[in-house]
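Enquirer: My questions all concern the structure below.
Numbering (the working numbering), first residue to last: 13 to 188.
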């Protein structure tokens with residue numbers, strides 16, 4: 013097949029990680045910095061995503077972590093409550109950080125604590141009606157915001173990226 017029949021391929025865009033890789037290639041050509049092509053991009057994307065999410069949730073006078081706790085309780089189904097330990101496992105934070113988060117959400121009237129009737133040592137965190145209303149109000153706009161963040165990718169690219177990221181998360185043991 014002649015090259016005339018092949019569609020012209022657009023050059024790939026250059027990003028900030030390409031510049032970093034180029035600098036390392038010039039300064040330390042003997043070091044394989046290829047992992048940075050992925051880890052560096054994921055790290056930078058994480059910061060971009062965090063900034064966009066923070067801006068969105070600020071419009072509702074919430075921090076991202078507050079929404080995460082409320083959404084975790086909401087998606088758990090009726091009665092919209094989980095043990096503090098279960099919330100802790102899902103959030104990947106320290107127990108002190110989770111206690112602080114629950115304290116702040118409780119002070120705002122979005123969650124309430126109660127003793128587990130089956131085990132008085134266990135504290136259950138329950139979404140209040142105000143907390144449920146808050147999550148339900150925000151969820152649609154939150155999904156639209158995330159859709160905007162992924163707009164550069166088509167459906168097949170999203171599915172491929174999703175599968176690869178899942179594989180990495182499972183390798184780190186980030187499973188239910």
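The beta-carbon is built from N, C-alpha and C at its ideal position, and this holds for glycine as well. If you're wondering where the values come from, they're calculated on a predicted model, not measured in any experiment.
#1: What alpha helix (DSSP H) runs, 4 residues minimum, are completely inside the region 30 to 86?
#2: Can you name the residues that DSSP bridges to residue 93?
#3: In three-state terms, what does DSSP make of residue 120?
#4: Across which residues does DSSP place residue 125 in a beta bridge pair?
#5: Using beta-carbon positions only, say whether residue 48 and residue 32 come within less than 9 Å of one another.
#6: Which residue or residues does DSSP assign as beta-bridge partners of residue 131?
#7: Can you name, in chain order, every residue of its own chain whose Cβ lies under 8 Å from the Cβ of residue 114, other than the five neighbours on each side?
#8: Expressed to the nearest angstrom, what Euclidean distance is found between the alpha-carbon atoms of residue 186 and residue 101?
#9: Between 162, 171, 169, 157, which has its C-alpha nearest residue 70's C-alpha?
Expert: The relevant details are as follows:
#1: 47 to 70
#2: Position 81 of the chain shown, counted from the first residue, corresponds to residue 93. DSSP lists 138 as partners of residue 93.
#3: The sequence position of residue 120 within the chain shown is 108, counting from 1. It is coil, neither helix nor strand.
#4: For the purposes of this step, residue 125 is taken as residue 113 along the chain shown, with counting starting at 1. Paired residues: 137.
#5: As a working note, residue 48 is residue 36 in the chain shown. As a working note, residue 32 is residue 20 in the chain shown. Yes; because the gap between Cβ atoms is below 9 Å, this pair is in contact.
#6: Numbered from its first residue, the chain shown carries residue 131 at position 119. Bridge partners of residue 131: 128.
#7: Translated into the one-based positions of the chain shown, residue 114 becomes position 102. Once the five neighbours on either side are set aside, the close Cβ partners of residue 114 are 81, 96, 99, 123, 125, 137.
#8: As a first step, residue 186 is located in the chain shown; it is residue number 174 there, counting from the start. As a first step, residue 101 is located in the chain shown; it is residue number 89 there, counting from the start. Those two C-alpha atoms are separated by around 10 Å.
#9: In the chain shown, residue 70 corresponds to position 58, counting from 1. Nearest of 162, 171, 169, 157 to residue 70, Cα basis: 157.
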